[in-house]
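Residue numbers (my numbering), protein chains in the order written: chain A, 120 to 241; chain B, 2 to 432. Glycine residues also receive a C-beta, built at the ideal position from the N, C-alpha and C atoms.
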């Protein structure tokens, strides 16, 4: 089974200067462990919403809004696509990922299973 | 629905099992290094799991569950060893001969606890589980159990056998390893080739067991492909300099990328060239091509897995079936026939040669296989031959071959297709 691990942050509470070198090192270690365990399929961080654009469709009309999306409490800051044997396992990996962030960060991880087409092998 | 205490316990147990699945291989590997007995190591890890199931629902999962499990197993092991020592001393005072090796020290456990060198232990465990003194079946079961962290009932379901059978297979395998005095070590250079190919064979066998089964009710089967992929990726992480390991991973990633396109709406198999390529999984193709590139970087384009992966990659790179690089596939099959000669490889080469250089040349390769006893009852031989003959306009011969192929296949859908193709060649052989 595949799970999308969405990482949501409140851009207003992100520590100045972004992730510390220590955090980057801890995260790197965990991602390496997940890769070697055959769990991590893909992961990336996203640039701040200041550089993002939102397209909204309503009643057949599309409106565009450029970032930053300050009105939003939480925005997606990154993701990891993982392969796990169960949702509980995905939750455990997400827990480990959050824990690397220590006390300074406020983070939400949303874990959603990826729908598999019928007959998909993995 | 109200949440009952039982629900929360259930939930907690599932969470603990997930932690255990992540940690068990490392746990068993580290313990085996110290106690030198994989059977005892597994028992100790099970004890630690039981302790976690008792404690964690109340205390919550600790911050570092792996270290907690290892520390718990360590304490059990030390208790056990002290009891054994006391017993041995009693035996000694009775005047018996009590020659015994010094048991592992607490310091030895503490070295495992800091997790340094645990990857070496894991690698030793992989080689132990795939040891040639074991039967192939035993290697598969032991690898899935000790390295993959699967429960015996999961292995039993995956291989459509009973839990008791799997249980017995694992017990016997561990006993066999102990009897044979198999050391817990990475094999020496002299036997490296054989030992590594045993590991890769076990992983690919698990993969094929899952891949060959069609989807549907057999929900465990796709999971088996996932388990094989995980084992493969893990082994690649442990042996990053071995091209064939990356070759195997590449092959499995690319094959899995086609899963969704391999079966039609009624569950019928769809041949590679007829698959809807938009349903191929781009992420897995990308991962597969990256693993293949890694194998090539390491100079490993000559092993059977890397070669098969290279062939699979030719298909993966083609946006449409017409864009397939058949000359390259023909060359790769030629190379594969050198390192892993088999009539089936040769038959595949015939197809590729036929696609690349014309039916005449393909037919020449197939005709070289006519007397091959291994292919005597294999429907694809006449089927491929019929196809090549049809392309050459030799309808009467083609018809005969298609009918022969239809009679040989046991798959009714395939049979219908072959009979249809025979009919297309015309009743009297004139298309």
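From the DSSP output, in three-state form, read off residue i for me.
i: residue 279(B); result: helix
i: residue 212(B); result: helix
i: residue 205(B); result: helix
i: residue 234(A); result: coil
i: residue 228(A); result: strand
i: residue 16(B); result: helix
i: residue 247(A); result: One cannot answer for residue 247(A) here, as it falls past the ends of chain A, which runs 120 to 241.
i: residue 38(B); result: coil
i: residue 426(B); result: coil
i: residue 388(B); result: helix
i: residue 187(B); result: coil
i: residue 27(B); result: helix
i: residue 217(B); result: A caution first: residue 217(B) carries a pLDDT of 45, below 50, which makes its placement in the model unreliable, though a value can still be read off. Residue state, collapsed to three classes: coil.
i: residue 242(B); result: coil
i: residue 394(B); result: coil
i: residue 370(B); result: coil
i: residue 75(B); result: helix
i: residue 438(B); result: Shown here, chain B extends from 2 to 432; a query on residue 438(B) therefore has no answer.
i: residue 64(B); result: coil
i: residue 106(B); result: coil
i: residue 145(A); result: helix
i: residue 247(B); result: helix
I believe residue i touches residue j by the beta-carbon criterion, under 8 Å. Please report the beta-carbon distance rounded to the nearest angstrom.
i: residue 151(B); j: residue 27(B); result: Actually they do not touch by this definition, with Cβ atoms about 15 Å apart.
i: residue 363(B); j: residue 390(B); result: Actually they do not touch by this definition, with Cβ atoms about 10 Å apart.
i: residue 249(B); j: residue 212(B); result: So it is not a contact: roughly 13 Å between Cβ atoms.
i: residue 231(B); j: residue 157(A); result: 3 Å
i: residue 79(B); j: residue 107(B); result: 6 Å
i: residue 183(B); j: residue 148(B); result: So it is not a contact: roughly 15 Å between Cβ atoms.
i: residue 316(B); j: residue 273(B); result: 6 Å
Quick check: is the beta carbon of residue i nearer than 8 Å to any beta carbon in chain A?
i: residue 20(B); result: yes
i: residue 11(B); result: no
i: residue 213(B); result: no
i: residue 64(B); result: yes
i: residue 71(B); result: no
i: residue 145(B); result: no
i: residue 356(B); result: no
i: residue 365(B); result: no
i: residue 125(B); result: no
i: residue 16(B); result: yes
i: residue 1(B); result: Limits of chain B in this structure are 2 at one end and 432 at the other, which puts residue 1(B) out of reach.
i: residue 204(B); result: no
i: residue 230(B); result: yes
i: residue 61(B); result: no
i: residue 45(B); result: no
i: residue 432(B); result: Below a pLDDT of 50, predicted positions are generally treated as unreliable, and residue 432(B), at 46, falls in that range; the measurement from the model is reported next regardless. Not closer than 8 Å to any Cβ of chain A, the Cβ of residue 432(B) fails to qualify, so no.
i: residue 449(B); result: This structure cannot settle anything about residue 449(B), because the visible part of chain B is limited to 2 through 432.
i: residue 238(B); result: yes
i: residue 197(B); result: no
i: residue 255(B); result: no
i: residue 28(B); result: no
Kindly say whether residue i, judged by its beta-carbon, lies nearer than 8 Å to any beta-carbon of chain B.
i: residue 123(A); result: no
i: residue 231(A); result: no
i: residue 228(A); result: no
i: residue 211(A); result: yes
i: residue 163(A); result: no
i: residue 199(A); result: no
i: residue 240(A); result: Note on residue 240(A): pLDDT 42, under 50, position unreliable in the model; the coordinate value appears next. With 8 Å as the cut-off, residue 240(A) counts as an interface residue toward chain B.
i: residue 219(A); result: no
i: residue 148(A); result: no
i: residue 208(A); result: yes
i: residue 216(A); result: no
i: residue 170(A); result: no
i: residue 223(A); result: no
i: residue 157(A); result: yes
i: residue 160(A); result: yes
By DSSP's criteria, residue i is part of a beta bridge. Which residues make up the other side?
i: residue 175(A); result: 182(A)
i: residue 194(A); result: 128(A)
i: residue 200(A); result: 123(A), 161(A)
i: residue 270(B); result: 264(B)
For residue i, is the beta carbon positioned less than 7 Å from some heavy atom of the ligand MN?
i: residue 168(A); result: In the structure on display, the ligand MN does not appear, and there are no ligands present to speak of.
Check: Which ranges does the alpha helix (DSSP H) cover as unbroken runs of at least 4 residues, wholly within the segment 302-350 of chain B, from first to last along the chain?
Finding: Complete alpha helix (DSSP H) runs here, min 4: 305-318, 327-340.
Notebook entry, point to check: Taking only runs of the alpha helix (DSSP H) that begin and end inside the segment 124-184 of chain B, which ones reach a length of at least 4 residues, in chain order?
Noted result: Fully enclosed alpha helix (DSSP H) runs of 4 or longer: 137-143, 153-159, 164-180.
Check: Between the segment 125-148 of chain A and chain E, which residues of the former have a C-beta closer than 9 Å to a C-beta of the latter?
Finding: In the displayed structure, chain E is absent; the protein chains listed are A and B.
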